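Engineer: In my numbering, the protein residues as written are 92 to 433.
1. Answer with buried or exposed for residue 207, where buried requires no fewer than 16 other C-beta atoms within 10 angstroms of its C-beta.
2. Rounded to a whole number of angstroms, what is the C-alpha to C-alpha distance between residue 273 and residue 415?
3. Looking only at DSSP bridge pairs, what is residue 357 linked to?
4. If we require 4 or more residues per run, which alpha helix (DSSP H) segments fall completely within the segment 316 to 371?
5. Assign residue 247 to one of two classes, buried (16 or more other C-beta atoms within 10 Å of its C-beta) or exposed (fewer than that).
6. Can you tell me where the alpha helix (DSSP H) with residue 98 in it begins and where it stops?
7. Are at least three pairs of beta-carbons, each pair with one atom in the segment 267 to 286 and one in the segment 160 to 170, less than 8 Å apart?
8. Give, in chain order, every unbroken run of the alpha helix (DSSP H) that is at least 4 residues long and sits entirely within the segment 148 to 220.
9. Taking all protein chains shown into account, do 16 or more other C-beta atoms lie within 10 angstroms of the C-beta of residue 314, making it buried, or fewer, making it exposed?
10. Our contact map puts residue 113 next to residue 102 with C-beta atoms below 8 Å; I'd like the distance itself, whole angstroms only.
11. Is residue 382 close to chain C? Criterion is C-beta to C-beta, closer than 8 Å.
12. My output table needs one value for residue 251: the three-state DSSP class, helix, strand or coil.
13. Look at the alpha carbon of residue 133 and the alpha carbon of residue 338, and state the distance between them as a whole number of angstroms.
14. Can you tell which of 271, 399, 296 and 126 has its C-alpha closest to the C-alpha of residue 353?
15. If you draw a straight line from the C-alpha of residue 212 to the C-alpha of residue 411, how long is it?
16. Three or more beta-carbon pairs under 8 Å between the segment 318 to 326 and the segment 342 to 362, yes or no?
17. What first and last residue would you give for the beta strand (DSSP E) that runs through residue 274?
18. Using the rule of at least 16 other Cβ atoms within 10 Å of the residue's Cβ for burial, across every protein chain shown, is residue 106 buried or exposed?
19. Round the Cβ separation of residue 199 and residue 135 to the nearest angstrom and send it over; I've been treating them as touching at under 8 Å.
20. Residue 240 lies in the beta strand (DSSP E); which residues open and close that run?
21. Could you tell me how far apart the beta carbons of residue 188 and residue 219 are, in whole angstroms, since I believe they sit closer than 8 Å?
22. For residue 93, collect the residues of the same chain with a Cβ closer than 8 Å to its Cβ; drop the 5 residues on either side in sequence, then sort them by chain order.
23. Going by CA-CA distance only, name the one from 332, 111, 263 and 363 that's closest to residue 126.
24. Do residue 383 and residue 363 have their C-beta atoms closer together than 8 Å?
25. Are residue 332 and residue 95 closer than 8 Å when you measure CB to CB?
26. CB residue 186 to CB residue 195, shorter than 8 Å?
27. Applying the criterion that 16 or more other CB atoms from any shown protein chain within 10 Å of the CB defines a buried residue, is residue 349 buried or exposed?
28. Would you mind reading off the limits of the alpha helix (DSSP H) that contains residue 406?
29. How about residue 66 and residue 250: do their beta carbons lie closer than 8 Å?
30. Considering just the uninterrupted stretch of the alpha helix (DSSP H) at residue 266, what are its terminal residues?
31. The alpha helix (DSSP H) spanning residue 303 covers which residue range?
32. Give the C-beta separation of residue 461 and residue 380 to the nearest angstrom, bearing in mind that I take them to be a contact with Cβ-Cβ under 8 Å.
33. Taking residue 375 as part of the alpha helix (DSSP H), name the residues at either end of that continuous run.
34. Taking its Cβ as the centre, do 16 or more other Cβ atoms sit within 10 Å of residue 100, making it buried, or is it exposed?
35. Does the separation of the CB atoms of residue 277 and residue 258 fall below 8 Å?
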């Protein structure tokens, strides 16, 4: 059995500049192990959903959010990390100014699901820290990430890593406390007739997103010629892990509601890590039209629309946005030029 440490040792061997990243990943994995144990205790660990205020990204904050943040911050203080950007604080925190790395992290993804026993997660991206100005790392595009990963705390705890040469999955062995490699060179399957979206927001979406979903709903009787299943867990890590295993596409578009015009997910510590993991598994990730990893952050908690998954489906969503005639081939009664105008 290949452990995470075995994998990191092999990844570092004979290659310069990787040791710092490996140490940082190992520290984060240890913190994820501790957080997994805490989450696994559920109500036995106390009232984890107690509200504590709002976070740097503007969402509600719970006691478990804060405990996850402290676990990750403590781990990164033991790593060669100059600056940390967490969803749970308003501004980046300087840890060791002369260190070579910076980390953007969502310590606890999906905390609104704590009470419902839906999978939670931790998402992180590791960036080079510019000498003398480590916070400038959080103005780099996602393509500058040296590594990215997420942990998912579900029936089992899994750690998904992209280290620059593919996506690898590890599973926590609760008997030994070590992450063991369970999937090498993970590849997102193509052609899966499955999509994930919060359909309750349909009336707020742009026409291109509505057209895409309408065609999926039309199934075998529509222009896609196939029946689709819809999934929506409301947990980004759960959606990402399912897509990594089964394929399909995830959509969290911008919409017309106040505060949602630029999307809702955070670019630096949600979309960028998921995009790197997805691309290294053969998939794609965009904001609907633009590659996520090409976007240059303008603020620490910047939001973005996010579409990721199988490359063919992400590309189809882009075509719905950029080629209106492509989206207009829908059922004639509901087409843009039909009896009922879109």
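Ideal Cβ placement from N, Cα and C applies to all residues, glycine included.
Source: prediction; values computed, not measured.
Structural biologist: Walking through what the data contain:
1. exposed
2. 43 Å
3. According to DSSP, which records beta bridges pairwise, residue 357 is partnered with 394.
4. 327 to 337 and 363 to 371
5. Residue environment: residue 247 is assigned as exposed (fewer than 16 neighbouring CB atoms within 10 Å of its CB, all protein chains considered).
6. 95 to 103
7. no
8. The segment 148 to 220 contains these whole alpha helix (DSSP H) runs: 154 to 167.
9. Answer is exposed; the Cβ neighbour count stays below 16.
10. 6 Å
11. Absent here is chain C; the protein component of the structure consists of one chain.
12. strand
13. When the Cα atoms are used, residue 133 and residue 338 turn out to be separated by approximately 30 Å.
14. 296
15. Taken atom to atom, the span from the alpha-carbon of residue 212 to that of residue 411 is near 31 Å.
16. With fewer than three CB-CB distances shorter than 8 Å, the segment 318 to 326 does not count as touching the segment 342 to 362.
17. 269 to 274
18. exposed
19. Contact doesn't hold; Cβ gap of about 18 Å is too wide.
20. 238 to 244
21. So it is not a contact: roughly 14 Å between Cβ atoms.
22. Excluding its 5 nearest sequence neighbours in each direction, residue 93 has C-beta neighbours in its own chain below 8 Å: 271 and 272, listed in chain order.
23. 263
24. A Cβ-Cβ contact shorter than 8 Å links residue 383 with residue 363.
25. no
26. no
27. exposed
28. 402 to 413
29. Any answer about residue 66 is impossible in this case: the structure gives the chain only from 92 up to 433.
30. Counting along the chain, residue 266 falls outside any alpha helix (DSSP H), and DSSP gives it neither H nor E.
31. 298 to 309
32. With the chain represented from 92 up to 433, any question about residue 461 goes unanswered, as that position is not in the structure.
33. Counting along the chain, residue 375 falls outside any alpha helix (DSSP H), though it belongs to the beta strand (DSSP E) covering 375 to 377.
34. When all chains shown are included, residue 100 counts as exposed.
35. yes
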